[in-house]
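Chains as they are written, first to last, in the working numbering: chain A, 424 to 760; chain B, 424 to 760; chain C, 424 to 760; chain D, 424 to 760. A virtual CB, placed ideally from N, CA and C, is assigned to each residue, including glycine. Given the structure is predicted, the values throughout are model-derived calculations rather than measurements.
There are 4 protein chains.
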Amino acid sequence: MIVVMNPDASKDDVSRITDKLKRMGYGVHLSIGERRTIIGVIGQRREEAAQALEAMSQVERVVFITRPFKLAGREFHPDDTVINLGHTTIGGSELIVMAGPCAVEGEAQLMEAANTVKEAGAQVFRAGAFKPRTSPYSFQGLEIKGLEYLDRVRSETGLLIVTEVMDQFTVSEVAACADILQVGARNMQNYFLLRELGRIRKPVLLKRGLSATVEEWLMAAEYILNGGNYEVILCERGIRTFEPYTRNTLDLSAVPLVKQLSPLPVIVDPSHGTGHSSLVPAMSKAAVAAGADGLMIEVHPNPEEALSDGPQSLNPAQFKTLIRDLKGVALNAGRLL
Amino acid sequence: MIVVMNPDASKDDVSRITDKLKRMGYGVHLSIGERRTIIGVIGQRREEAAQALEAMSQVERVVFITRPFKLAGREFHPDDTVINLGHTTIGGSELIVMAGPCAVEGEAQLMEAANTVKEAGAQVFRAGAFKPRTSPYSFQGLEIKGLEYLDRVRSETGLLIVTEVMDQFTVSEVAACADILQVGARNMQNYFLLRELGRIRKPVLLKRGLSATVEEWLMAAEYILNGGNYEVILCERGIRTFEPYTRNTLDLSAVPLVKQLSPLPVIVDPSHGTGHSSLVPAMSKAAVAAGADGLMIEVHPNPEEALSDGPQSLNPAQFKTLIRDLKGVALNAGRLL
Amino acid sequence: MIVVMNPDASKDDVSRITDKLKRMGYGVHLSIGERRTIIGVIGQRREEAAQALEAMSQVERVVFITRPFKLAGREFHPDDTVINLGHTTIGGSELIVMAGPCAVEGEAQLMEAANTVKEAGAQVFRAGAFKPRTSPYSFQGLEIKGLEYLDRVRSETGLLIVTEVMDQFTVSEVAACADILQVGARNMQNYFLLRELGRIRKPVLLKRGLSATVEEWLMAAEYILNGGNYEVILCERGIRTFEPYTRNTLDLSAVPLVKQLSPLPVIVDPSHGTGHSSLVPAMSKAAVAAGADGLMIEVHPNPEEALSDGPQSLNPAQFKTLIRDLKGVALNAGRLL
Amino acid sequence: MIVVMNPDASKDDVSRITDKLKRMGYGVHLSIGERRTIIGVIGQRREEAAQALEAMSQVERVVFITRPFKLAGREFHPDDTVINLGHTTIGGSELIVMAGPCAVEGEAQLMEAANTVKEAGAQVFRAGAFKPRTSPYSFQGLEIKGLEYLDRVRSETGLLIVTEVMDQFTVSEVAACADILQVGARNMQNYFLLRELGRIRKPVLLKRGLSATVEEWLMAAEYILNGGNYEVILCERGIRTFEPYTRNTLDLSAVPLVKQLSPLPVIVDPSHGTGHSSLVPAMSKAAVAAGADGLMIEVHPNPEEALSDGPQSLNPAQFKTLIRDLKGVALNAGRLL
């Protein structure tokens, strides 16, 4: 940290700060310029320390030099995190495709969707049993019943299952059926849930919050890693901007950026990221070309009858075409699909 | 709802849509223009219906005409919601001031803060026992112990207590000690929590999410109201924008806007809204002048020693000056303080 | 500036940087930590220098310590800038009210509007002769003819005139008729225009860009001040966010923030800031309570017939009521109206 | 357009609106629901009409059904616009690469850069003679002298030239040397400039504004097309969001979206779009995979010595590697490079 003093701070003001820093256990390095004094603070970065300093009089502001994340950063873990799961890996040379409907709507719809995505070449099946919905009058998911249907999909098709867990108290129930537990965008900073997920030993797919910075996203991952669960998959799903033609703005630059900052795998969800099925193929290819480790795509046997997210769901034929087209893009990006 | 067809949609395409609408129980009103056909849909607004229609081929988009909120809207509840609480009211002619430290740090700090804000004229005491923190390495709150200290504040000072509840499973514990239960910005769309809060009969203070639209905020309130708890207080606390000099951008236009759309009381938190104690007095006055029903302000006996949010906390002298200055502004706005 | 080196930068890497800094004329202050080296750079802040350093290998990033603005900042000009204009002052103890229609539509409309706002108590008349419009098919303004009408308003009513200048080549024509030259939000970073305005000796009203940070806004003012024209009035008019219910999000916290950073007067335009006439009165009062030096408000004799911005224009009766209500708020804020 | 009336609008209120619409020359289509009346307006979309209606009492809001752009839209021009330029085409089967330094710094630097990008395979050379800079203390460009150097590059290397034009009065001077005239992001809504560019017969590269919606961007193109110049190339260069790790957020979904809405070619500038040279290769590949017609990339012989934008400039070796890697991606996207 660096403490920038006001131009009119006195020697006494500076001493008051350096004394406090020493009491806090920090080393101090003074740099007295013509117009202002700057205090270099040597020791571990702590938000509380920075806030306490910033609240002191004659301090203009506190500037952080190091990044706040440790376990989620490359500095301490230079090598890529590769997660082994069934016959596949995530974060390695394979391109992972997770596909399926937004929500579990019923057993028949689910099995049909599962067979479709398996046949097309997806390795992981996605569908929500618990659904966070903006309106209390919308379909809220089949909940426990939905988990049972997902279990059947796994045993009958051999597909891996990813599904959302919405609070710390259902982690074990979801973990009993899911191969990967998904944290939704609205829950990215649900710290009780993140801490509980740090205690299990199954991969967690952590969606970026609707307006989360990359730093906040990696700090959310840090909660899980800090609990001892090192298998976190990050998922970019679009951020909120002023543009109304798309549901969100898919931030693909987050893919190479996160790969520079962190060893964790990063996948992309172009369905939520754009909100329009007609934009999904282009953005899927772009995501793979940008270096994403995988994709999460909404596919519905019949989007016109979907109980949610129909406009952003591919139908089976569109999904098959996309997978076929992706093979070349993946190869160019050094990935197997 | 209005369904806008593509310019090259055929008669059959239109029939397919209108048939589907009739099967869904909607009335249909056709308007055939020179370049495109528009279908007016008569009946209750439903997101699922809109999504299903938007997924159909030759539909360009679906436009909503009515607002999605019902119980949270003025259309069905024209009169202001006034909440009676102890000797005071929220949403009526009084200006309510909620003040106190960010977090419960210890018993002595808490009692000192409580006496300060009471003396200065606040009616409600705020302090967090549970703390959502961006970093797993930051102070996470005293939790249950913190609630006990808050209980002592209430019995010894007579101040009303507002404190955050972070999940549906601690609602009863928090409700046992708090007069008002606060939902934090990161939890605004935690639907399990909102549903549980619909079941209790105590006022809920619902903070606006970091990047929530006014519509989403009112829909979150709708979850609570829909459960039968009509005492919801909305709290504007700043939204996320590109401006780095302030922690958030305090959206004061949300105050008159929400008052037009909804009967619910609206208060403003200029401490989180700006992140700098030096901006809190000006924005407190502005909030009252804009028509806010109250304020939530961070006050700490010694901001330089606060375990969190020191830079945005007023010290006791600053808070007393602010309350004194606010009296005239409140009077001008037709409020008693 | 502070140069943060990568953790794995070698001694040679650091020497390469410090040598370059010395060649550039900077003093250097080395701080070698456990994990990384930090180079304090002593001398004048320059963007080019920072960019050149950031492009060097093993440099993680360059952090600025000082603000980029000089003439626009309080550090070099601690006292408030007060502009004397006719019988009034801007930035002093008076609250300045600028009012009038969006555009000059014709002579009769203009005179009617001018008499209305004068009678109600405004000191400055606003109306655009040149109109920047999003669509080429919209009314583009009366241009030179409009300036003539404005001249007549000034001579007949004695009101001061503020009107927009859209490029560097019409500065003298606009200056011949206007008492204050307005730079629109879309032109905030039109540097040729700003430089030309630095050469004249008339006040300039500089609107904040649609997505300009406070720092960029002050840097735009710096262009004008740097030319020797010190009479710049800043005007907050709303920024672009994700909220669709308002045309822009009026950032009132910019008022006290700019007042801390800069000696320049700040006024607020709640008409463009909200886009809805029903929100203008509340936001006008809030702006004055926040410490604004004045207001710019759209008033039209008949908003239903306005050629532009009708929905955000007050009619004469609404404007008179607002001015009456503002008197108390102004008094509380220590301002005369 | 559709006019949504307030729920408590009377029959008289509705008549007042429909009468006005008829006087304006619009057809009217009434739809009287249980709770509110909706008026369908048949005729050409006009912003002024919508604003006048929205200003009328008892009108809740006006909803547009058609898009505001005509010449820039696919509806009236279904086929892709292909621009023939020298030996190449833009918007056809070729992938166009525009590369070069941010600014013309001197003759030697320019020739070196030009030879580098030519050798690597770029078809168009970019460099700014006029430079819009945030700070008045930064390097402002060589202006006319810079244009002369660019002319020499063209005659000596045979590369096509793209360079920025900053106002309507230098259009002819820039057009004399440039093959493509660039409109910078800050000038996207400089309507005088856009109108002047409508009068020439050379391609215009129109950068998206810092916070421009796709609709506003296409409307800016409409200004040029409306003047009779149909050769407009759109360039996505990142939008402003809350994310601080990147200079802008590159919105690649704008590529397929614009391609759906408009026949105009779209290229991508990943240098300004990210601000970091380390992110440029990944985002270049992603842009091509998303369907972009070309790329604009900053390349400097020695980024550490660049007078501007060094941190986002590739050096010659990095650029050659990128072009080599792009060939496969282009092929997959059906493009020749």
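> chain C partners of Leu-617 of chain B, CB-CB under 8 angstroms?
Replying inline: Walking along the second sequence from the start, residue 617 of chain B turns up at place 194. Those within 8 angstroms of Leu-617 of chain B in chain C number zero; the least Cβ separation is about 21 angstroms.
> Going by other Cβ atoms of all chains shown within 10 Å of its Cβ, with 16 needed for buried, is Lys-554 of chain C buried or exposed?
Replying inline: Here residue 554 of chain C corresponds to residue number 131 of the third sequence, with the count starting at 1. By the neighbour-count rule (16 or more Cβ atoms within 10 Å), Lys-554 of chain C is buried.
> Would you report the Cα separation of His-452 of chain C and Glu-483 of chain A, rounded to the nearest angstrom?
Replying inline: Counting from 1 along the third sequence, the entry for residue 452 of chain C is found at position 29. Counting from 1 along the first sequence, the entry for residue 483 of chain A is found at position 60. Between His-452 of chain C and Glu-483 of chain A, the C-alpha separation is close to 20 angstroms.
> Which residues does DSSP pair with Thr-511 of chain B in a beta bridge?
Replying inline: Your numbering for residue 511 of chain B matches position 88 in the second sequence. DSSP lists B:Leu-508 as partners of Thr-511 of chain B.
> For Lys-625 of chain A, does the three-state DSSP call read helix, strand or coil?
Replying inline: Along the first sequence, one-based indexing puts residue 625 of chain A at 202. The answer is coil: DSSP assigns Lys-625 of chain A none of H, G, I, E or B.
> Shorter than 8 angstroms from the beta carbon of Asn-652 of chain A to some beta carbon of chain B?
Replying inline: For the purposes of this step, residue 652 of chain A is taken as residue 229 along the first sequence, with counting starting at 1. Not closer than 8 angstroms to any Cβ of chain B, the Cβ of Asn-652 of chain A fails to qualify, so no.
> Taking 8 angstroms as the CB-CB limit, is Gly-757 of chain A close to chain D?
Replying inline: On the first sequence, position 334 is the one that residue 757 of chain A refers to. No, Gly-757 of chain A does not count as interfacial toward chain D.
>> Residues of chain A with CB closer than 7 angstroms to the CB of Phe-665 of chain C, please, in chain order.
In response: Numbered from its first residue, the third sequence carries residue 665 of chain C at position 242. Simply Arg-663, Thr-664 and Phe-665.
> For Thr-672 of chain D, which residues does DSSP report across the bridge?
Replying inline: Taking the first residue of the fourth sequence as 1, we reach residue 672 of chain D at position 249. DSSP lists D:Ile-662 as partners of Thr-672 of chain D.
> From the beta carbon of Glu-579 of chain D, is the nearest beta carbon of chain B less than 8 angstroms away?
Replying inline: To locate residue 579 of chain D, count along the fourth sequence from 1; it is residue 156. Answer no: the Cβ-Cβ gap between Glu-579 of chain D and chain B never drops below 8 angstroms.
> In chain order, what residues of the segment 570-597 of chain B put their CB closer than 8 angstroms to some CB of chain A?
Replying inline: Legend: CB atoms of the segment 570-597 of chain B lying less than 8 angstroms from CB atoms of chain A belong to residues Met-589, Asp-590, Gln-591 and Phe-592.
> Looking at the C-beta of Lys-625 of chain A, does it have a partner C-beta in chain D at a distance below 8 angstroms?
Replying inline: Residue 625 of chain A sits at position 202 when you count from the first residue of the first sequence. Cβ-Cβ to chain D under 8 angstroms: no for Lys-625 of chain A.
> Which of the three DSSP states, helix, strand or coil, is assigned to Lys-750 of chain A?
Replying inline: Here residue 750 of chain A refers to the residue found at position 327 of the first sequence. Of the three classes helix, strand and coil, the one that applies to Lys-750 of chain A here is helix, per DSSP.
>> Here's the rule I'm using: 16 or more other beta-carbon atoms within 10 Å means buried, otherwise exposed. How should Arg-663 of chain A be labelled?
In response: Position 240 of the first sequence, counted from the start, is the residue given in the question as residue 663 of chain A. Arg-663 of chain A counts as buried, since at least 16 other C-beta atoms from the protein chains shown sit within 10 angstroms of its C-beta.
> Rounded C-beta distance between Phe-562 of chain D and Glu-471 of chain C? I'm assuming under 8 angstroms.
Replying inline: Mapped onto the fourth sequence, residue 562 of chain D falls at position 139. Mapped onto the third sequence, residue 471 of chain C falls at position 48. That pair is a contact at about 6 angstroms.
> In chain order, what residues of the segment 483-499 of chain A put their CB closer than 8 angstroms to some CB of chain C?
Replying inline: Val-486, Ile-488, Thr-489 and Glu-498
> Since Leu-582 of chain A and Ala-537 of chain A are thought to touch, with beta carbons under 8 angstroms apart, how far apart are those beta carbons, to the nearest angstrom?
Replying inline: Walking along the first sequence from the start, residue 582 of chain A turns up at place 159. Walking along the first sequence from the start, residue 537 of chain A turns up at place 114. Contact flag correct, Cβ pair sits at about 6 angstroms.
>> Looking at Lys-541 of chain A: is its Cβ nearer than 8 angstroms to the Cβ of Thr-512 of chain A?
In response: The sequence position of residue 541 of chain A within the first sequence is 118, counting from 1. The sequence position of residue 512 of chain A within the first sequence is 89, counting from 1. Taking a C-beta distance under 8 angstroms as the contact criterion, Lys-541 of chain A and Thr-512 of chain A do not qualify as a contact pair.
>> Using only CA atoms, which one of C:Glu-727, C:Met-611 and C:Asn-429 lies nearest to Glu-498 of chain A?
In response: On the first sequence, position 75 is the one that residue 498 of chain A refers to. Nearest option by C-alpha distance: C:Asn-429.
>> For chain C, check one thing: does any of its Cβ atoms lie closer than 8 angstroms to the Cβ of Pro-430 of chain A?
In response: Along the first sequence, read from residue 1 onward, the residue named residue 430 of chain A stands at position 7. For Pro-430 of chain A, the answer is yes, since a Cβ of chain C falls inside 8 angstroms of its Cβ.
> If we call anything under 8 angstroms between Cβ atoms a contact, is Phe-665 of chain B one with Ser-634 of chain C?
Replying inline: Locating residue 665 of chain B in the second sequence gives position 242, counting from the first residue. Locating residue 634 of chain C in the third sequence gives position 211, counting from the first residue. Cβ distance < 8 angstroms, so Phe-665 of chain B and Ser-634 of chain C count as in contact.
> How would you label Ile-455 of chain D, buried or exposed, when you count the other beta carbons within 10 angstroms and need 16 or more for buried?
Replying inline: Your numbering for residue 455 of chain D matches position 32 in the fourth sequence. Here Ile-455 of chain D is exposed: its Cβ has fewer than 16 other Cβ atoms, across all protein chains shown, within 10 Å.
>> Against Ser-454 of chain A, what residues of chain C qualify as contacts under a CB-to-CB distance less than 7 angstroms, listed in chain order?
In response: By 1-based counting over the first sequence, the position of residue 454 of chain A is 31. Neighbours of Ser-454 of chain A on chain C, chain order: His-452 and Gly-463.
>> By the 7 angstroms beta-carbon criterion, what residues does the segment 624-647 of chain D contribute toward chain B?
In response: none
> When the cut-off is 8 angstroms and only beta carbons count, does Arg-609 of chain A lie next to chain B?
Replying inline: As a working note, residue 609 of chain A is residue 186 in the first sequence. Yes, because at least one Cβ of chain B sits closer than 8 angstroms to the Cβ of Arg-609 of chain A.
>> Looking at the strands, I want to know which residues DSSP matches up with Pro-721 of chain B.
In response: Taking the second sequence and counting its residues from 1, the one referred to as residue 721 of chain B is at position 298. At residue 721 of chain B the sequence reads Glu, which differs from the Pro that was named. Paired residues: B:Gly-523.
>> Rounded to whole angstroms, what is the Cα-Cα separation between Ala-432 of chain D and Asp-442 of chain D?
In response: Here residue 432 of chain D corresponds to residue number 9 of the fourth sequence, with the count starting at 1. Here residue 442 of chain D corresponds to residue number 19 of the fourth sequence, with the count starting at 1. Roughly 15 angstroms separates the two Cα atoms.
> Buried or exposed: Gly-757 of chain A, going by 16 or more other Cβ atoms within 10 Å of its Cβ?
Replying inline: One-based indexing of the first sequence puts residue 757 of chain A at position 334. When all chains shown are included, Gly-757 of chain A counts as exposed.
> So, are the CB atoms of Pro-688 of chain A and Ile-720 of chain A less than 8 angstroms apart?
Replying inline: As a working mapping, residue 688 of chain A is identified with position 265 in the first sequence. As a working mapping, residue 720 of chain A is identified with position 297 in the first sequence. Result no, Cβ atoms of Pro-688 of chain A and Ile-720 of chain A do not sit closer than 8 angstroms.
>> Under 8 angstroms: do the segment 718-738 of chain D and the segment 678-685 of chain D share three or more Cβ pairs, one atom per stretch?
In response: no
> Are the C-beta atoms of Ala-475 of chain B and some chain C residue less than 8 angstroms apart?
Replying inline: Residue mapping note: residue 475 of chain B aligns to position 52 of the second sequence, counting from 1. No, Ala-475 of chain B lies away from the interface with chain C (no Cβ there is under 8 angstroms from its Cβ).
> For the beta strand (DSSP E) that Leu-453 of chain D lies in, which residues bound it at each end?
Replying inline: To locate residue 453 of chain D, count along the fourth sequence from 1; it is residue 30. Element bounds for Leu-453 of chain D: 450-455.
> With 8 angstroms set as the bound, which would you pick, yes or no: does the beta-carbon of Val-689 of chain A sit closer than that to a beta-carbon of chain D?
Replying inline: As a working note, residue 689 of chain A is residue 266 in the first sequence. Val-689 of chain A does not count as touching chain D.
> Do the segment 743-755 of chain C and the segment 489-498 of chain D make contact, defined as three or more Cβ pairs closer than 8 angstroms?
Replying inline: As far as the Cβ criterion goes, the segment 743-755 of chain C does not touch the segment 489-498 of chain D, which means the pair count is below three.
>> What does the Cβ neighbour count give for Ser-578 of chain A, buried or exposed, with the cut at 16 atoms within 10 Å?
In response: Counted from its first residue, the first sequence places residue 578 of chain A at position 155. Under this definition Ser-578 of chain A is an exposed residue.
> Do the CB positions of Val-637 of chain D and Ala-677 of chain D come within less than 8 angstroms of each other?
Replying inline: Walking along the fourth sequence from the start, residue 637 of chain D turns up at place 214. Walking along the fourth sequence from the start, residue 677 of chain D turns up at place 254. Their beta carbons are under 8 angstroms apart, which means Val-637 of chain D touches Ala-677 of chain D by this criterion.
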